[in-house]
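Scroll down for the structure; my scribbles are underneath it.
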């Protein structure tokens, strides 16, 4: 059951990425589908990059790491 749910989530992520990218292209007035942009959207949906680091809080800074 867990594998089926995982496949369903993967399928939904792909469908959502494709729909969003096609809508973006339509909103920009594209007359042709940019297949490379679609592939990038799916790739990003399946393997999103690492979250942006929050950095250090002021209390965590000292003279050696306050860059």
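Residue numbers (UniProt numbering): 1 to 67.
C-beta: ideal position from N, C-alpha, C; glycine also.
- Following the DSSP letters along the chain, one finds residue 36 inside the alpha helix (DSSP H) bounded by residues 35-46.
- Check the Cα spacing between residue 24 and each of 15, 14, 37: the tightest is with 37.
- In this structure, DSSP gives residue 4 a helical state, which the three-state scheme calls helix.
- At a Cβ-Cβ threshold of 8 angstroms, residue 34 and residue 17 do not count as neighbours.
- Nearest C-alpha to residue 46 among 29, 11, 19: 11.
- Residue environment for residue 8: exposed (fewer than 16 other C-beta atoms within 10 angstroms of its C-beta).
- Shortest Cα-Cα distance from residue 42 to any of 31, 19, 3 involves 19.
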